[in-house]
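Protein chains in written order, with the working numbering: chain P, 87 to 460; chain C, 87 to 460.
So this is what it looks like as structure tokens:
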């Protein structure tokens, strides 16, 4: 009977409306029925991304679509700018290097956003693409993608944004801001299980695609677009996940993108207020609304805290990744999360910290969160 | 209230036991709970493939794992042998060429299996890998992988087998036969929705992996193995699909691989007998037990036949792909299919053909099938 609460920044809680359709009998994908569903999904993703650009959908997790944005835009030896301010920004650098690109990596102290001026400084005629992260999931940092896009749009380079965890939580207006490739995934703000990823592709980006000499097949933009234009996919799609995605995209449309952005901004503010009220410090210097990274207070063991939360209270937070392991924990406020979920999270955090001997006034975190939420 | 019957060679019918677990609340993948599940899946896949080799699992459809077997084994300019006897054999050639391999393609008349002696003739010191298909889904042909493996094992080349649709239907003993890389998918004999694919990798294949210079990241064998050794994945796995896969792997183990092979052999024999009894001709000269390709009889329009079956009777067969469109239809007998399903398929086929004016004795196909099945 124990209830489980998932606050990890992916996978996020899947709404029952989406869970239940995955349990329905499967159907074949080369059918009108599937094409109608897929067209609705393509339209829904365009709505979410605020774009009229092509949206290409892959059966993979987010990293597959990140790789697609490298393999389809570049040729070996091409110069790119990447930003290493956390595990996922670092990943873009790793992928680019794996594909033989010449990587100019902006190394940041983790927890800090990239300074758009630094990108401007490094941009040159030779730079083919700039790879940045909207929400750096590993640090809870939101980068100023709008400012970066304004800079990159004036250059010959294309801008690729990993919006996997930030999408719908911090604003991202693909067309208005001139984002050439936005990469998204299914298991974050879109609230379905992992296994579907996508890219939007601007005209400027298609220019690079057509001259790219990198090898690719499964993630090929051209074959995927050719099929997408007929509401189809070149390879077997993840039918059940798409079915769930149709449901959550309907929910997103029904709530409205702007309203969701306001909601998640408020939820994240409540998490920040709640944790501050019990003396905890944020890790991020530019906090994302998707996930809040909190420093583990002195004297508390991160593993013990997370295990206690999960095993005794049924509450899953995420720990730190890579060099942040043991130093932070992360509370997600994206997707199928509401005000009461944030109070539950704060309350569980208080219970666990109290049990581990951390000194604070019980209830102070929940109260501060509630003040923001009311 | 209309019942739906799916006889397409992927996705295949998903058993309720697997459907229902996909509707359960999702859980996080970096947990003991997930690792235990994933270890059971890795063990189950080894059982299915009859191997002790590493098995690497990807969140992708089958083509992703086919690409992995190219990107991880080869370097640009490497010489390979591929077999183009249908859409999927052809695909191996396309992927190899996309990656800059030098492809010696054995072009077959579609519907015919590859002659192992032809592979032997073309093998040389320079050939790095031979790519063949167990069941060529597009033509219903089963290739003699055992004989091919015996030949390739004596050479320096590695053998890669696309077993995506053939697995569990026609025998494939990875270790006993010396198959270096076997590629599998989730939505065929393994009975779950599309979105999970896998490769087994022999020691001989690892030798090539370690000298491969092809770019790769998402499908990287080394990082995937490093994680798999800890029952983990380098990137977010398709949690709900894996959950379903655990259920179907348990079913497969409980039935027993040998028993399933016998069952599908019998079911396919029944389809062949049933279609022959009403005067239909097989397309394949070496029929697979996974899927039976039948020539559309003269005077009958394939599209009309398939639509009538699907829209009026709720019965989905697959049509022909690429150059076989309009010329054949395909009935799958893999996965969650039993004797009664075959009788249903035969009966529906008879109803539809009768309605379209094809001349035959009604009931003759069902009777012939039943004789085989009894």
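No residue lacks a Cβ here, since even glycine has one placed at the ideal position from N, Cα and C.
All of these numbers come straight from a predicted model, not from anything done at the bench.
The alpha helix (DSSP H) spanning residue 233 of chain C covers which residue range?
To locate residue 233 of chain C, count along the second chain from 1; it is residue 147. Counting along the chain, the alpha helix (DSSP H) containing residue 233 of chain C begins and ends at 231–239.
So that I know if they touch, is there some Cβ in chain C lying closer than 8 angstroms to that of residue 225 of chain P?
The residue you call residue 225 of chain P lines up with position 139 of the first chain. No, its Cβ sits nowhere closer than 8 angstroms to a Cβ of chain C.
By DSSP, does residue 325 of chain C sit in helix, in strand, or in coil?
Position 239 of the second chain, counted from the start, is the residue given in the question as residue 325 of chain C. Under the three-state reduction of DSSP, residue 325 of chain C is assigned to helix.
Does the Cβ-Cβ distance between residue 221 of chain P and residue 376 of chain P come in under 8 angstroms?
Start at 1 with the first residue of the first chain, and residue 221 of chain P comes out as number 135. Start at 1 with the first residue of the first chain, and residue 376 of chain P comes out as number 290. Cβ atoms of residue 221 of chain P and residue 376 of chain P: closer than 8 angstroms.
Return the CA-CA distance between residue 342 of chain P and residue 265 of chain P, expressed in angstroms with no decimal places.
Translated into positions along the first chain, residue 342 of chain P becomes position 256. Translated into positions along the first chain, residue 265 of chain P becomes position 179. Distance between the alpha carbons of residue 342 of chain P and residue 265 of chain P is about 21 angstroms.
At 7 angstroms on the CB atoms, spell out the chain C contacts of residue 181 of chain P, in chain order.
As a first step, residue 181 of chain P must be located in the first chain, where it is residue number 95. What residue 181 of chain P touches in chain C: 303.
Look up residue 290 of chain C in the DSSP assignment and say whether it is helix, strand or coil.
As a first step, residue 290 of chain C must be located in the second chain, where it is residue number 204. Correct three-state label for residue 290 of chain C: helix.
Mark residue 361 of chain C as exposed unless 16 or more other C-beta atoms lie within 10 angstroms of its C-beta, in which case mark it buried.
Your numbering for residue 361 of chain C matches position 275 in the second chain. So residue 361 of chain C counts as buried.
With a threshold of 7 angstroms on Cβ separation, who are the neighbours of residue 327 of chain P within its own chain once the five nearest residues in sequence on each side are excluded?
In the first chain, residue 327 of chain P corresponds to position 241, counting from 1. So the list reads 272, 278, 279, 281 and 282, once near-sequence residues are dropped.
Helix, strand or coil, according to DSSP, for residue 373 of chain C in the structure here?
Taking the first residue of the second chain as position 1, residue 373 of chain C is located at position 287. Strand at residue 373 of chain C.
Of the residues P:168, P:351, P:403 and P:412, which one's Cα is nearest the Cα of residue 98 of chain P?
Counting from 1 along the first chain, the entry for residue 98 of chain P is found at position 12. Taking residue 98 of chain P as reference, the option from P:168, P:351, P:403 and P:412 with the minimal CA-CA separation is P:403.
Does residue 120 of chain P have its Cβ less than 8 angstroms from a Cβ in chain C?
On the first chain, position 34 is the one that residue 120 of chain P refers to. It does not; no Cβ of chain C falls within 8 angstroms.
Could you check if residue 108 of chain C is buried or exposed, using at least 16 other CB atoms within 10 Å of its CB as the buried criterion?
Taking the first residue of the second chain as 1, we reach residue 108 of chain C at position 22. Classification for residue 108 of chain C: buried.
Can you give the beta carbon distance from residue 370 of chain P to residue 186 of chain P, rounded, assuming they're within the 8 angstroms contact cut?
Position 284 of the first chain, counted from the first residue, corresponds to residue 370 of chain P. Position 100 of the first chain, counted from the first residue, corresponds to residue 186 of chain P. So it is not a contact: roughly 33 angstroms between Cβ atoms.
Output yes if chain P places a C-beta closer than 8 angstroms to the C-beta of residue 422 of chain C; else output no.
Here residue 422 of chain C corresponds to residue number 336 of the second chain, with the count starting at 1. With 8 angstroms as the cut-off, residue 422 of chain C does not count as an interface residue toward chain P.
How would you label residue 56 of chain P, buried or exposed, when you count the other beta carbons within 10 angstroms and need 16 or more for buried?
Nothing can be reported for residue 56 of chain P, as the shown portion of chain P is limited to 87 through 460.
State yes or no: is the C-beta of residue 268 of chain P within less than 8 angstroms of the C-beta of residue 410 of chain P?
As a working mapping, residue 268 of chain P is identified with position 182 in the first chain. As a working mapping, residue 410 of chain P is identified with position 324 in the first chain. Cβ atoms of residue 268 of chain P and residue 410 of chain P: not closer than 8 angstroms.
Where does residue 96 of chain C sit, in a helix, a strand or coil, going by DSSP?
The sequence position of residue 96 of chain C within the second chain is 10, counting from 1. If DSSP states are grouped into helix, strand and coil, residue 96 of chain C belongs with coil.
Residue ranges of each beta strand (DSSP E) run of no fewer than 3 residues wholly in the segment 103–168 of chain P, ordered along the chain?
Listed in chain order, they are 140–144.
From this set, P:424, P:315 and P:420, which residue's C-alpha is nearest residue 257 of chain P's C-alpha?
Along the first chain, one-based indexing puts residue 257 of chain P at 171. For residue 257 of chain P, the nearest C-alpha among the options comes from P:420.
Here's the rule I'm using: 16 or more other beta-carbon atoms within 10 Å means buried, otherwise exposed. How should residue 223 of chain P be labelled?
Indexing the first chain from 1 puts residue 223 of chain P at position 137. By the neighbour-count criterion, in which 16 or more other beta carbons inside 10 Å mark a residue as buried, residue 223 of chain P falls on the buried side.
Where does residue 243 of chain P land, buried or exposed, given buried means 16+ other C-beta within 10 angstroms?
In the first chain, residue 243 of chain P corresponds to position 157, counting from 1. It counts as buried.
Say whether chain P places a C-beta atom closer than 8 angstroms to the C-beta of residue 262 of chain C.
Counting from 1 along the second chain, the entry for residue 262 of chain C is found at position 176. No, no contact with chain P.
Using a Cβ-Cβ cut-off of less than 7 angstroms, list which residues of the segment 277–295 of chain P approach chain C; keep chain order.
Going along the segment 277–295 of chain P in chain order, one finds 279, 280 and 281 with a Cβ nearer than 7 angstroms to chain C.
Would residue 87 of chain P count as contacting chain C if we go by Cβ distances under 8 angstroms?
In the first chain, counting from the first residue as 1, residue 87 of chain P sits at position 1. By this cut-off, residue 87 of chain P is not an interface position.
Which residues in the same chain as residue 173 of chain C place their Cβ atom closer than 6 angstroms to its Cβ, once the five residues preceding and following it in sequence are excluded?
Your numbering for residue 173 of chain C matches position 87 in the second chain. Closer than 6 angstroms at Cβ, skipping near neighbours: 224, 407 and 408.
Look at the alpha carbon of residue 386 of chain P and the alpha carbon of residue 247 of chain P, and state the distance between them as a whole number of angstroms.
Position 300 of the first chain holds residue 386 of chain P. Position 161 of the first chain holds residue 247 of chain P. So the two alpha carbons sit approximately 36 angstroms from each other.
For residue 273 of chain P, go through chain C and note every residue whose CB falls closer than 7 angstroms to its CB, in chain order.
Sequence index remark: in the first chain, residue 273 of chain P carries index 187 (1-based). Here the neighbours are 322.
What distance in whole Å lies between the Cβ atoms of residue 168 of chain C and residue 217 of chain C, which are believed to be in contact at a cut-off of 8 angstroms?
Here the question's residue 217 of chain C lines up with position 131 in the second chain. Here the question's residue 168 of chain C lines up with position 82 in the second chain. Confirmed, Cβ separation roughly 5 angstroms.
Is the separation between the beta-carbon of residue 423 of chain C and that of residue 260 of chain C shorter than 8 angstroms?
Along the second chain, read from residue 1 onward, the residue named residue 423 of chain C stands at position 337. Along the second chain, read from residue 1 onward, the residue named residue 260 of chain C stands at position 174. No, they are not a contact pair.
Alpha carbon to alpha carbon, what distance is there between residue 427 of chain C and residue 374 of chain C?
Position 288 of the second chain holds residue 374 of chain C. Position 341 of the second chain holds residue 427 of chain C. Their backbone Cα atoms lie some 18 angstroms apart in a straight line.
Counting only Cβ-Cβ distances shorter than 8 angstroms, please list the residues of the segment 325–355 of chain P near chain C, keeping chain order.
Residues 325, 326 and 327.
Could you list the residues in the segment 425–453 of chain P with a C-beta less than 8 angstroms from some C-beta on chain B, going in chain order?
Chain labels in this structure do not include chain B; the protein chains are P and C.
Hey, could you find the ends of the beta strand (DSSP E) residue 215 of chain C is sitting in?
Along the second chain, read from residue 1 onward, the residue named residue 215 of chain C stands at position 129. Going by DSSP, residue 215 of chain C is part of the beta strand (DSSP E) stretching over 213–219.
Hey, could you find the ends of the alpha helix (DSSP H) residue 261 of chain C is sitting in?
Along the second chain, read from residue 1 onward, the residue named residue 261 of chain C stands at position 175. Unbroken alpha helix (DSSP H) run through residue 261 of chain C: 260–263.
Between which two residues does the alpha helix (DSSP H) containing residue 436 of chain P stretch?
Here residue 436 of chain P is taken as the residue at index 350 of the first chain, counted from 1. Segment 425–441, the alpha helix (DSSP H) holding residue 436 of chain P.
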